[in-house]
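Each residue of the sequence shown is one higher than the one before, counting from 12 in our numbering.
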Amino acid sequence: MVAYSFKSLFVPQIVSWKKRQTVRAQRPRHARPGEAVQLYQSMRTKNCSKIILDPVCTAVVPIEICVSETRGIHWISIDGDQLEDPEAFAAADGFHPSHYLAARSGATALENMARFWLDNHDAGTFEGVLIKWEPAP
């Protein structure tokens with residue numbers, strides 16, 4: 012079983028099942044489809060807590076995200092296909108303005124995602140994986 016940690020601002024969306032995916036950097040072992048995943052807030056701290064009962068991984072696919080300091084997110088490619096609607100992806104990833112509870116929320120999900128990305132990652136092209144989950148049967 013693989014565990015993932017989330018910032019507190021995503022917890023309400025995970026609990027309500029509005030957020031059912033995460034973008035992560037490559038690592039030796041990610042969840043596999045059909046496998047349970049553990050979702051935590053503040054993992055590796057004394058405030059660590061499990062967010063929900065273990066959902067089941069439904070997909071792990073390659074993702075690329077191109078971000079610049081000046082233009083925000085240029086494009087998102089999932090499994091080699093560039094998204095035609097990156098706004099919908101950003102909303103599904105937890106950045107919809109009505110759900111995103113960050114101190115500096117923007118007008119669109121894509122704007123929120125770009126700001127979050129630049130606050131937590133370097134500009135340029137990120138290569139990693141998109142992990143999706145659903146409630147356990």
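Ideal placement from N, C-alpha and C gives every residue a C-beta, glycine not left out. It should be emphasised that the depicted structure is a prediction, and the values quoted were computed from it without experimental measurement.
Exposure label - residue i; buried when at least 16 CB within 10 Å
i    : result
N123 : buried
D133 : exposed
Q37  : exposed
A125 : buried
Separation of residue j from residue i, as counted between CA atoms
i    : j    : result
R82  : G139 : 21 Å
L94  : W86  : 7 Å
I142 : A42  : 8 Å
G135 : L121 : 16 Å
C59  : P44  : 25 Å
K57  : L20  : 18 Å
P146 : K29  : 12 Å
M54  : Q32  : 18 Å
G117 : Y15  : 26 Å
W144 : Q24  : 13 Å
D130 : A102 : 18 Å
D65  : P148 : 11 Å
P39  : E80  : 30 Å
Whether residue i touches residue j by CB criterion (9 Å)
i    : j    : result
D90  : V72  : yes
V22  : D104 : no
V78  : F17  : no
T69  : E98  : no
F100 : F127 : no
V13  : I62  : no
I76  : I84  : yes
Note to self: Check whether the segment 99–112 and the segment 47–59 touch, using three or more Cβ-Cβ pairs below 8 Å as the test.
What the structure shows: no
Notebook entry, point to check: Which ranges does the beta strand (DSSP E) cover as unbroken runs of at least 3 residues, wholly within the segment 15–57, from first to last along the chain?
Noted result: 32–36 and 48–52
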